[in-house]
Amino acid sequence: MSKRLLMFSLIFTLLFNCSFTKKPEFVRLENIEVIDSNSKNITIRAEALFLNKNDVGGTLKTDDLKVYLNDLELASVISDEFDVPRRKNFTIPLTVKVATASLTSDKNLGSLLGSLLTQSLKLHYKGAIKYKIMGYSSTYTVDEIQDVKIKF
10 MSKRLLMFSL IFTLLFNCSF TKKPEFVRLE NIEVIDSNSK NITIRAEALF LNKNDVGGTL
70 KTDDLKVYLN DLELASVISD EFDVPRRKNF TIPLTVKVAT ASLTSDKNLG SLLGSLLTQS
130 LKLHYKGAIK YKIMGYSSTY TVDEIQDVKI KF
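Using this note's numbering, read the sequence shown as starting at 10 and increasing by one per residue.
Okay, structure coming up:
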């Protein structure tokens, strides 16, 4: 009888005290910056900040996250899966390299010249980040806009 009570108590405790069906909280995109710019490429980096309140980890994967520069689509960010630590704040890096040749089309040229004059870029990250854990999955919608200064 006491073994059954002990097993029941253990199962009850595991089921109701361990949280794993809450998805980590997407806080914001931060540290958006141009880390390199030369005649061939512009490399942009950002960090997606999350808070995981779960007792277990999981994985996050960016899925077709698009980067817009001055309202013109430039690139997509597709990355490997990232391990999610349990009960912690964590960031995942989002890096994209944009060929400057794609910026010099007729469509983009006016926008690029305006950015060079003001030394500022309007970066817009838009898309989804997927979270998976033990058969449970959830999607975060990312829609962040930030003005970034260009350093020459």
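Backbone N, C-alpha and C fix where the C-beta goes; we use that ideal spot for every residue, glycine too.
Note that the coordinates shown come from a computational prediction; the quantities given were computed from them, not determined experimentally.
C-alpha distance - residue i paired with residue j, whole-angstrom precision
{"i": "ARG96", "j": "VAL105", "result": "29 Å"}
{"i": "GLU153", "j": "ALA55", "result": "11 Å"}
{"i": "MET110", "j": "MET143", "result": "Strictly speaking, residue 110 in this sequence is Ala, with Met absent from that position. Distance between the alpha carbons of ALA110 and MET143: 43 Å."}
{"i": "LYS70", "j": "LEU130", "result": "26 Å"}
{"i": "ALA137", "j": "GLU82", "result": "16 Å"}
{"i": "GLU90", "j": "THR68", "result": "6 Å"}
{"i": "VAL93", "j": "VAL86", "result": "19 Å"}
{"i": "GLU34", "j": "ASN63", "result": "10 Å"}
{"i": "VAL157", "j": "TYR140", "result": "28 Å"}
{"i": "ALA84", "j": "VAL65", "result": "33 Å"}
{"i": "THR150", "j": "LEU132", "result": "16 Å"}
{"i": "LYS12", "j": "TYR145", "result": "32 Å"}
{"i": "SER88", "j": "PRO102", "result": "9 Å"}
Per DSSP, the bridge partner or partners of residue i
{"i": "GLY66", "result": "GLY66 pairs with nothing; no bridge assigned."}
{"i": "ASP92", "result": "THR68"}
{"i": "ASP45", "result": "THR52"}
{"i": "GLY136", "result": "VAL151"}
Run of the beta strand (DSSP E) containing residue i, from where it starts to where it stops
{"i": "PRO102", "result": "97–108"}
Touch check for the stretch 65–84 and the stretch 36–47: three-plus C-beta pairs under 8 Å? For the pair of segments examined, the stretch 65–84 was found not to touch the stretch 36–47: the number of CB pairs separated by less than 8 Å stays below three.
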